[in-house]
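Below: one structure, written as structure tokens.
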Amino acid sequence: MEIEHAPRRLIVHVPDGFFNLAVSVSAGVVAAAGVAYCLRGARRELDDRTAPVAGLVAAFVFAVQMLNFPVAAGTSGHLLGGALAAVLAGPATAVLCLTVVLAVQAFFFADGGLTALGVNITLMGIVTVLVGWGVFKLVTGVLPRRPGSVVAGAFLAALLSVPASALVFTLMFWIGGNAPIEVTSVAVAMGGVHVLIGLGEGLITAVTVSSVLAVRPDLVYAARSLTAPLTLKTAGGEVTAPAPAPERAPARPGRFVLGGIAVTALLAGVLSFFASASPDGLERVAEDTGFGVVAVDHALAGQPLADYGDAGGVPVGVAGVIGVAVTLGVGGGLFLAVGRGQAGKRAASKTERG
Amino acid sequence: MHRLPPQCKLLAVAAFAVVVVATPREWVWVLAAYGLPLGVVAATAHVPPGFVLRRMVIEAPFVAFAVVIPFIGLGERIDVFGVALSVEGLWASWNILAKATLGVVAAVLLAATTEPHMMLLGARRLRVPSLLVQIAMFMLRYMDVIAGEARRMRIARESRGFQARDLRHAPVIARSAGALFIRSYERGERVHLAMLSRGYTGSMPVTQDLSASWRQWAVAASLPGTALAVAAVGGTVGAALGGAW
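Listed in order, the protein sequences are those of chains A and B. The opening residue of the first sequence carries number 1 in the working numbering; numbering runs sequentially from there. The opening residue of the second sequence carries number 1 in the working numbering; numbering runs sequentially from there.
Written as structure tokens, this is what we have:
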């Protein structure tokens, strides 16, 4: 497999060791919960074709992420594809596709750390899709039901999903980043570049969606509500054919939003719990934000270096081990539960058919 | 190493990465010693060093970032060859570089000794939800096809003199992406119908027997086990000596 990678990529996958173990583990829990939720949702969006079509969309996202577009002189970004996948295939399928893409990149191409897989899935899979789909729903709810609205919604969804992802990255960095850089400067650097990248992402997403809409509107998940009912012209006049029984129930945005809130609450709760348990990151950053740059220089200069040894010593390791055990338990339990649910459903559908 | 069941290797590499990341960055020699088990794995698996080095290019962007940290980092400064560098920044830089490198090498060795298909069968045995494994399997099958299609479209664009220079050229790329999606999707629909007509019921048959013996599990566990042992020895020696070393 010859995969071309851009020489300068602005959006990169987080490697091992960039975030402390607490943040990596919490993000892993969030990612596992989100994926488990989307595994159920994807069955609603795509029936028996779930696996083949989602695999195809995943491969498409993988290919699209190799498309580089110039942002400003000399720098180029590449598509994240979260909003695009959500509009084309539905939000739950999109999360699954991006999860698979990120996992394949981590395990087969060593792109992104294995312990940072949860971070990467949360940032580039869950956040982009959640924000993108939420914005899309808002925009298309306000605008008239026309193909143009879908394109406009796709543009804004993709535009905002990229800076949102950058914002969450900054938040994670604030809580447990392994680098002593002032958070505001990270936020400014990330925000500025990612608004530009978001512009490119929005433009490409919108034009892609509109060109698919022009040829095969039935392939755009988000435009399914636009299809006009079939009218039959018979001798007795025009008869509107009854809409075919909805084989796919439309995704209910209410539940999706609820799921989003649950994930966010989990993120906030678990992250802050772990962050306060480990003295390494948060304490220092609290000082940063409290005193500003000049004062921080002074405040840190007064501390003995041995303090760092304590902070990075055994307690963090112990906390890490406990965290890993918890994740394994929770993640394994989730996987088992979902796996059993699927097996049950398969058995049920088999008996129905056969 | 090539013959080990994939699920053993997957768990071993993941556990190794966790041990590496959980190691405090002040344990410099412990982190350095983690390279030894990786070297043994590479040697027994006959993975040439050049191959690993080439694949390590993937972490280049973060290496660049790590190099910058000491210059822009906060906190106490130290003079290194006349340049004031942040002490905390140097630690952070070392932390990211060491752990990211160890993680990337471990993942590269995993990918080098395991076929993608086998890795997914291993993931299935580890009770990863079957829907995810199937999506990944289809993705792998379609990836080369779609990437090839994308490459042909790029060559077609470039042979007509197109070169994306700024954001105004993005719509051209986007229309290619739209065409790529439609072509891929229609191909996928045809493939799906063909599969249905050949008796596809929603899961792919598994023909290999992938059960792992206790011996194989033990061999796989030696990688994270060695790392843990190194960490334990390093930690106690470090505590006995005291201070940063």
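A virtual CB, placed ideally from N, CA and C, is assigned to each residue, including glycine.
Cβ distance (whole Å) where residue i is taken to contact residue j below 8 Å
i, j, result
"Gly-132 of chain A", "Ala-83 of chain A", "3 Å"
"Ile-173 of chain B", "Ile-204 of chain A", "6 Å"
"Tyr-221 of chain A", "Gly-90 of chain A", "4 Å"
"Ile-96 of chain B", "Asn-178 of chain A", "6 Å"
"Val-19 of chain B", "Ala-231 of chain B", "6 Å"
"Glu-142 of chain A", "Ala-223 of chain A", "According to the sequence displayed, residue 142 of chain A carries Val and not Glu. Not really, about 16 Å apart at Cβ, beyond 8 Å."
Beta-carbon proximity check, residue i vs residue j, cutoff 8 Å
i, j, result
"Leu-114 of chain A", "Ala-156 of chain B", "no"
"Ala-94 of chain A", "Ala-85 of chain A", "yes"
"Leu-96 of chain A", "Ile-135 of chain B", "yes"
"Val-30 of chain A", "Gly-118 of chain A", "yes"
"Val-135 of chain A", "Leu-160 of chain A", "yes"
"Leu-180 of chain B", "Ala-214 of chain A", "no"
"Gly-234 of chain B", "Ala-15 of chain B", "no"
"His-78 of chain A", "Leu-67 of chain A", "yes"
"Leu-223 of chain B", "Val-41 of chain B", "yes"
"Thr-208 of chain A", "Ala-164 of chain B", "no"
"Val-162 of chain A", "Leu-80 of chain A", "yes"
"Leu-123 of chain A", "Ser-165 of chain A", "yes"
"Phe-108 of chain A", "Pro-116 of chain B", "yes"
"Ala-33 of chain A", "Met-172 of chain A", "no"
"Ala-103 of chain A", "Phe-155 of chain A", "no"
Residue range of the unbroken alpha helix (DSSP H) whose run includes residue i
i, result
"Leu-232 of chain A", "That residue, Leu-232 of chain A, is in no alpha helix (DSSP H); its beta strand (DSSP E) goes 231-234."
"Thr-205 of chain A", "183-215"
"Thr-128 of chain A", "128-142"
"Trp-29 of chain B", "28-33"
"Arg-152 of chain B", "130-159"
"Thr-23 of chain B", "Taken as a continuous stretch (DSSP letters only), Thr-23 of chain B belongs to no alpha helix (DSSP H), as it is neither H nor E."
"Glu-88 of chain B", "87-113"
"Tyr-185 of chain B", "170-197"
"Ala-179 of chain A", "Run containing Ala-179 of chain A: none; DSSP gives neither H nor E here."
"Phe-109 of chain A", "91-109"
"Met-119 of chain B", "116-125"
"Pro-49 of chain B", "49-55"
"Tyr-37 of chain A", "21-45"
"Leu-210 of chain B", "Note, Leu-210 of chain B: premise wrong, no alpha helix (DSSP H); not H, not E."
"Leu-117 of chain A", "117-120"
Residue i versus residue j: straight-line alpha-carbon distance, rounded
i, j, result
"Phe-19 of chain A", "Phe-65 of chain B", "14 Å"
"Arg-3 of chain B", "Leu-131 of chain B", "26 Å"
"Leu-210 of chain B", "Thr-113 of chain B", "16 Å"
"Pro-5 of chain B", "Arg-215 of chain B", "11 Å"
"Pro-70 of chain B", "Ile-181 of chain A", "9 Å"
"Tyr-37 of chain A", "Ile-126 of chain A", "11 Å"
"Leu-130 of chain A", "Asn-120 of chain A", "14 Å"
"Thr-201 of chain B", "Ala-22 of chain A", "42 Å"
"Ala-54 of chain A", "Gly-148 of chain B", "19 Å"
"Glu-26 of chain B", "Ala-98 of chain B", "11 Å"
"Asp-111 of chain A", "Pro-15 of chain A", "7 Å"
"Ala-150 of chain B", "Ala-157 of chain A", "25 Å"
"Val-237 of chain B", "Val-195 of chain A", "49 Å"
"Met-248 of chain B", "Met-143 of chain B", "Nothing in the structure corresponds to residue 248 of chain B, since chain B is present only between 1 and 245."
"Leu-302 of chain B", "Pro-52 of chain A", "In the structure displayed, chain B extends from 1 to 245; residue 302 of chain B sits before or after that span and is not available."
"Gln-65 of chain A", "Val-21 of chain B", "28 Å"
"Ser-24 of chain A", "Ala-116 of chain A", "6 Å"
"Ala-325 of chain A", "Val-13 of chain B", "Confidence at Ala-325 of chain A is low in this model, with a pLDDT of 48, below 50, so its placement is unreliable and the value that follows should be read with caution. If I take the Cα positions, the gap works out to 17 Å."
"Val-30 of chain B", "Arg-141 of chain B", "41 Å"
"Leu-39 of chain A", "Ser-203 of chain B", "16 Å"
"Pro-7 of chain A", "Leu-85 of chain B", "At Pro-7 of chain A the pLDDT is 35, less than 50, meaning the model places this residue with poor confidence and gives no usable figure here."
Exposure of residue i, with buried meaning 16 or more beta-carbon neighbours within 10 Å
i, result
"Leu-10 of chain B", "buried"
"Lys-233 of chain A", "exposed"
"Phe-138 of chain B", "buried"
"Trp-91 of chain B", "buried"
"Met-195 of chain B", "exposed"
"Pro-201 of chain A", "In the sequence as displayed, the identity of residue 201 of chain A is Glu instead of Pro. Label assigned to Glu-201 of chain A: buried."
"Gln-208 of chain B", "exposed"
"Glu-4 of chain A", "Reliability fails at Glu-4 of chain A, whose pLDDT of 38 lies under 50, so the model's placement of it is uncertain and no value is given."
"Gly-17 of chain A", "buried"
"Glu-158 of chain B", "exposed"
"Thr-23 of chain B", "buried"
"Thr-128 of chain A", "buried"
"Trp-174 of chain A", "buried"
"Pro-144 of chain A", "exposed"
"Glu-186 of chain B", "exposed"
"Leu-36 of chain B", "exposed"
"Thr-101 of chain B", "buried"
"Phe-169 of chain A", "buried"
"Arg-279 of chain B", "A question about residue 279 of chain B goes unanswered here, because the residues of chain B that appear run from 1 up to 245."
Heavy atom of the ligand GDP within 7 Å of residue i beta-carbon
i, result
"Leu-39 of chain A", "Looking for the ligand GDP in the displayed structure turns up nothing, as the structure carries no ligands at all."
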